[in-house]
Amino acid sequence: MTWSTDQQQNLLRIEGMTAVEIMSILDDARDLREHARGDELNGCVVANLFFENSTRTRCSFETATIRLGGHPINLTSSGSSVSKGETLIDTALQFDAMGVDVIVVRSGLNGGAELVAEACDAATINAGDGRHEHPTQALLDIFVMQDHLGDLSEKRVLIVGDITNSRVARSHIHGLRALGAHVTLVGPPGLVDDSFTSILSGDEVAVSHDFDASLAESDAIIMLRIQRERGSSSLIPSDYRSGYGMTAQRAARLGPRQLILHPGPVNRGVELDSVVLDEHPGSVVLEQVAAGVLVRAAVLKRAVAGGSGALDGNSRAGS
39 MTWSTDQQQN
49 LLRIEGMTAV
59 EIMSILDDAR
69 DLREHARGDE
79 LNGCVVANLF
89 FENSTRTRCS
99 FETATIRLGG
109 HPINLTSSGS
119 SVSKGETLID
129 TALQFDAMGV
139 DVIVVRSGLN
149 GGAELVAEAC
159 DAATINAGDG
169 RHEHPTQALL
179 DIFVMQDHLG
189 DLSEKRVLIV
199 GDITNSRVAR
209 SHIHGLRALG
219 AHVTLVGPPG
229 LVDDSFTSIL
239 SGDEVAVSHD
249 FDASLAESDA
259 IIMLRIQRER
269 GSSSLIPSDY
279 RSGYGMTAQR
289 AARLGPRQLI
299 LHPGPVNRGV
309 ELDSVVLDEH
319 PGSVVLEQVA
329 AGVLVRAAVL
339 KRAVAGGSGA
349 LDGNSRAGS
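Numbering-wise (our numbering), the sequence shown opens with residue 39 and increments by one.
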């Protein structure tokens with residue numbers, strides 16, 4: 039199951055990708071820094087079907103499409119026939135029948151992007167599906183970490199917060215392990231549960247409920263949002279901040295090369311104190327946003343061209 043030169047291709051998950059495959063995409067994204075605009079998507083139509091709220095992901099896919107000469111169509115559930123009862127797949131099939139080249143889909147259904155890929159001829163890109171995966175977020179975060187830390191092999195990365203409900207965490211675990219990094223999942227006991235057992239094999243991933251004890255040895259800290267829409271509504275923000283927030287006091291203990299990331303949106307004063315987000319030298323949150331355009335442009339280019347390298351587990355041939 040690979041990117042190929044004779045068919046449009048899907049990006050559905052990070053699970054199963056090798057380091058070579060990941061680096062091939064990120065190398066393409068770095069090339070786009072020098073050539074921010076192009077015509078690789080000239081004449082192509084990209085349908086952004088977002089059935090959950092999004093700012094950064096949707097707008098960066100739209101920006102990337104325009105910069106490469108393509109034409110984006112943006113659909114949200116509130117402005118579509120989904121609000122009248124149409125299913126995710128039926129909606130995707132309408133756009134496929136219109137002849138769009140790429141469908142970028144976000145939904146609350148685990149595996150929703152794979153269902154779209156199976157049903158449609160257009161290339162499919164997963165922009166987040168339920169608690170399953172968010173592959174482009176992991177790719178862009180890895181891109182930023184490599185910018186600052188270089189080779190991530192043997193680097194230590196903390197993923198902090200609502201792990202259980204996080205598709206971002208799942209994609210990160212697969213991607214970081216493929217690159218040889220050591221991952222520690224940090225959060226309250228109720229937010230790091232047994233659903234991760236299947237991907238915790240090996241010694242590359244650890245679990246801790248003590249944020250302070252884990253901080254000193256880390257190279258990068260990825261702070262996650264409390265996802266109240268997925269069942270974390272019982273948490274008291276002040277209690278969470280005390281135990282697991284990146285407060286100004288915790289940030290003051292970080293070394294000069296330790297990075298602070300957050301996929302957004304940030305709950306200021308809960309996951310991150312405002313002074314940390316806005317002023318700490320290790321905060322790279324806006325760099326993540328900028329990287330999102332580059333990485334998603336690289337993925338879109340490969341989707342319409344069939345890809346020049348392998349992307350294990352994601353091709354239509356393997357759907």
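By construction, the Cβ of each residue, glycine as well, lies at the ideal position given by its N, Cα and C atoms. It should be emphasised that the depicted structure is a prediction, and the values quoted were computed from it without experimental measurement.
task = Quick one: residues in its chain with C-beta nearer than 8 Å to the C-beta of H300, no 5 flanking neighbours on either side, listed in chain order?
result = Excluding residues up to 5 positions away in sequence, I260, M261, L262, R263, E309, L310, L315, V323, Q326 lie with their Cβ nearer than 8 Å to the Cβ of H300 in the same chain.
ask   = Based on Cα-Cα distance, which residue from I111, L292, V331, L187 lies nearest to H73?
value = Taking only the C-alpha atoms, the option nearest H73 is V331.
query = Which same chain residues, not among the five before or five after R268, have their C-beta less than 6 Å away from its C-beta?
reply = At R268, the pLDDT of 48 sits below 50, so the modelled position is not reliable and the matter cannot be decided from this model.
message = Do S209 and Q265 have their beta-carbon atoms positioned less than 9 Å apart in this structure?
response = In this structure, S209 does not lie closer than 9 Å to Q265 by Cβ.
inquiry  = Give me the DSSP bridge partner(s) of A165.
reply    = The partner list for A165 (beta bridge, DSSP) is empty, contrary to what the question assumes.
message = Please classify V58 as buried or exposed, where buried requires at least 16 other C-beta atoms within 10 Å of its C-beta.
response = Counting other Cβ atoms within 10 Å of its Cβ, V58 stays below 16 and is therefore classed as exposed.
inquiry  = Is it buried or exposed, A67, if we count other Cβ atoms within 10 angstroms and call 16 or more buried?
reply    = Burial of A67 is indicated by the presence of at least 16 other C-beta atoms within 10 angstroms of its C-beta.
request  = Could you check the C-alpha separation between A258 and R144 for me, to the nearest Å?
outcome  = A258 and R144: Cα-Cα distance of roughly 27 Å.
ask   = How is I211 classed by DSSP in three states: helix, strand or coil?
value = I211 carries a helical assignment under DSSP once its states are collapsed to helix, strand and coil.
ask   = Rounded to a whole number of angstroms, what is the C-alpha to C-alpha distance between G351 and H212?
value = Only weak support exists for where G351 lies, its pLDDT of 44 falling under 50; the value from the coordinates is given anyway. Taking the straight line joining both Cα atoms gives about 12 Å.
request  = Could you pull out every residue in the same chain whose Cβ sits closer than 6 Å to the Cβ of H109, ignoring the five residues on either side in sequence?
outcome  = So the list reads V83, once near-sequence residues are dropped.
query = Considering P275, what are the terminal residues of the alpha helix (DSSP H) in which it resides?
reply = In the DSSP assignment, P275 falls within the unbroken alpha helix (DSSP H) covering 275-282.
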